[in-house]
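Protein chains in written order, with this note's numbering: chain A, 1 to 443; chain B, 1001 to 1083.
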């Protein structure tokens, strides 16, 4: 035995049943608008009907304001919303949340379904996205051979990291476009590219529709090569965009993603070489100390040669050193020239010996200041190229240093590596000399 | 000595791709930075680094860019230059 209930109670119960039923909520309904009334409050009421049936609909002001079009009598639409029961009248109605014009509406309906399906399959998952290779040899492009997209891509690629462009010409709109795009993707998968750009220039929603088709989405997701989508579309993402490994807003942007910028690559190489130079410079400065020790032990017989070399050395350095240093060297050089002119050859040797000592001092302070200058410059803005030249090992030889190797060409950096009577080779900037060791002394 | 002479020993520098060269260059620089090498070895490594750098630059500055289209015809796959 059921209790007797009021009309209101009955309608409330019916309302509760309707609003709890998923099949009556958040559904798309297609039909034609009739009996449209526009209230001064901003709400619209109308009937949505097809050939066999009809339902009263409410379109509240908020929902109406967000529509892209103005509803009118006899218009075919797809309306999205939920069934509700108006308790006061015991009538049921459809509350419209949004609407699209029909045709378009049907397509969007199918699109939403497709997106839901592909998403459920995991095709949009971030984990599926593959990394784009950084330095591709060949960029495959799937687009129209006559469209703006391929032109834009070729233009941008001409200024980026050098790679070949391989175009698979396809139809991008109209009948057969989706199948054609799929074939292009497959062709490039079989015949070699490191990354694919799939897309077209901007157009209306209808023009871009091929990129919303399931076949294209499946072709992109099963491509063995990473795919950049480039469907010229600012706002809505196409299904191709959602499935692709990377989405670019335009074909030009896709080319920029596929190919790195040349000048930043140049900078990177410069930075790597700067690290190499720094390490080598350290190694050489250690060697320079060893050379100086050897220098001081040179025989007097070679003093004149050495003075000449040092003079060249000092002249060379004075160009690069500070003004103060230059003036010191200038005055020393000047007085050497004057003195030299006045000296008899007989006395030259002792004077020369004095200069050797003086110039040794100057050259070692010049060396030290040069090294400071160079290491200071390392942090400055001079190019990596200049830095490299400054510490180029050959330049060290040009500055009058030589290095000694054994007869197998291995550098000798310690007296412990030399024994009396052994053959050594002295390498200088312009050649080498073979020598026999007369004596070995430790420090 | 010669065993760890840098990865470029396996392949002629001119034949290397940009990516391979850059990787080899970075490996050489790592070796230099780790130190403990004699001058000979350091100079060798540096010389190889310069070769690799020059090769990288050549690729960036002088590489040709081919622009082709690929088509499936009755006689099979055909590639032809565009423009």
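Glycine included, every Cβ here is placed at the ideal spot set by N, Cα and C. Just so we're clear, the structure is a prediction, and the values are computed from it rather than from any experiment.
Margin query: Suppose only complete runs of 4+ residues qualify. What are the alpha helix (DSSP H) ranges in the stretch 226-285 of chain A, listed by chain order?
Written below: 239-243 and 251-258
Note to self: Taking CB distances under 7 Å as the criterion, tell me whether residue 425 of chain A reaches chain B.
What the structure shows: no
Margin query: Within 7 Å of any Cβ in chain B, is that where the Cβ of residue 279 of chain A sits?
Written below: By this cut-off, residue 279 of chain A is an interface position.
Notebook entry, point to check: From residue 1034 of chain B to residue 1057 of chain B, what does the alpha carbon distance come to, in whole angstroms?
Noted result: 25 Å
Next item on the list: Rounded to whole angstroms, what's the CA-CA distance from residue 165 of chain A to residue 398 of chain A? Just pull it up for me.
Entry: 47 Å
Checklist line | Option in B/1066, B/1073, B/1075 and B/1049 with minimal Cα separation from residue 161 of chain A | finding: B/1066
Note to self: Is there a Cβ of chain B sitting closer than 7 Å to that of residue 155 of chain A, yes or no?
What the structure shows: no
Check: So what's residue 173 of chain A in DSSP terms, helix, strand or just coil?
Finding: coil
Margin query: For residue 110 of chain A, which residues in the same chain have their Cβ closer than 7 Å to its Cβ, ignoring the five residues on either side in sequence?
Written below: none
Notebook entry, point to check: Taking the DSSP output, what are the residues bridged to residue 432 of chain A?
Noted result: Residue pairing for residue 432 of chain A: DSSP places it in a beta bridge opposite A/427.
Next item on the list: Verify whether the separation of the beta carbon atoms of residue 243 of chain A and residue 221 of chain A is less than 7 Å.
Entry: yes
Notebook entry, point to check: Relative to the C-alpha of residue 10 of chain A, which residue among A/131, A/88 and A/211 is closest?
Noted result: A/88
Check: Relative to chain B, which residues along the stretch 400-419 of chain A have a C-beta separation below 7 Å, given in chain order?
Finding: 410, 411 and 413
Next item on the list: Please report how far the alpha carbon of residue 413 of chain A lies from the alpha carbon of residue 404 of chain A, in whole angstroms.
Entry: 8 Å
Note to self: I'd like to know if residue 113 of chain A contacts chain B, where contact means its C-beta is closer than 7 Å to some C-beta of that chain.
What the structure shows: no
Check: Got a sec: which bits of the stretch 157-171 of chain A sit with their beta carbon under 9 Å from any beta carbon on chain B, in order along the chain?
Finding: 157, 158, 161, 162, 163, 164, 165, 166, 167, 168 and 169
Next item on the list: Measure the beta-carbon distance from residue 72 of chain A to residue 32 of chain A and round it to whole angstroms, keeping in mind my assumption that it falls under 8 Å.
Entry: At roughly 11 Å, the Cβ-Cβ gap does not stay under 8 Å, so residue 72 of chain A and residue 32 of chain A are not in contact.
Notebook entry, point to check: Can you name the residues that DSSP bridges to residue 57 of chain A?
Noted result: A/46 and A/94
Next item on the list: Can you check DSSP and say which residues form a bridge with residue 31 of chain A?
Entry: A/77
Notebook entry, point to check: Where residue 41 of chain A and residue 64 of chain A are concerned, what is the direct C-alpha to C-alpha distance, given to the nearest angstrom?
Noted result: 12 Å
Note to self: Quick check on this structure: which residue in A/138, A/275 and A/170 has the alpha carbon closest to the alpha carbon of residue 149 of chain A?
What the structure shows: Comparing Cα positions, the closest option is A/170.
Item checked: Proximity to residue 255 of chain A [Cα-Cα], best of A/155, A/191 and A/271 -> A/155
Next item on the list: Please report the Cβ distance between residue 240 of chain A and residue 231 of chain A, rounded to the nearest whole angstrom; I am assuming they are in contact, meaning their Cβ atoms lie under 8 Å.
Entry: 6 Å
Next item on the list: Taking residue 1071 of chain B as the query, report the chain A residues whose CB atoms sit under 9 Å from its CB, ordered along the chain.
Entry: 168, 169 and 187
Checklist line | Environment of residue 1077 of chain B [buried if 16+ CB atoms lie within 10 Å] | finding: exposed
Checklist line | beta strand (DSSP E) segment containing residue 142 of chain A, residue limits | finding: 138-143
Check: If we cut at 7 Å on Cβ distances, does residue 258 of chain A have a partner in chain B?
Finding: no
Notebook entry, point to check: So, using beta-carbon positions, are residue 159 of chain A and residue 189 of chain A closer together than 7 Å?
Noted result: no
Next item on the list: Could you round the C-beta distance between residue 1060 of chain B and residue 265 of chain A to whole angstroms and report it? I think they count as a contact, below 8 Å.
Entry: The C-beta distance from residue 1060 of chain B to residue 265 of chain A rounds to 6 Å, short enough to fall under 8 Å.
Item checked: Cβ shell of residue 59 of chain A (< 6 Å), same chain only, five flanking positions each side left out -> 44 and 96
Note to self: Less than 8 Å between C-beta atoms, sequence neighbours within five positions excluded: which residues of the same chain meet that for residue 123 of chain A?
What the structure shows: Excluding residues within five positions, the ones whose Cβ falls inside 8 Å are 217, 221, 242 and 243.
Margin query: Can you tell me whether residue 1034 of chain B is helix, strand or coil according to DSSP?
Written below: helix
Check: What whole-angstrom Cβ distance do residue 1040 of chain B and residue 433 of chain A have, given they're in contact under 8 Å?
Finding: With 8 Å as the limit, residue 1040 of chain B and residue 433 of chain A do not qualify as a contact, their Cβ atoms being about 19 Å apart.
Item checked: Length at least 3, wholly inside the stretch 151-222 of chain A: the beta strand (DSSP E) runs in chain order -> 164-169 and 195-200
Check: So is residue 1042 of chain B buried or exposed if we call it buried at 16+ other beta carbons inside 10 Å?
Finding: buried
Check: So with Cβ pairs under 7 Å, would you call residue 1074 of chain B a contact of chain A?
Finding: no
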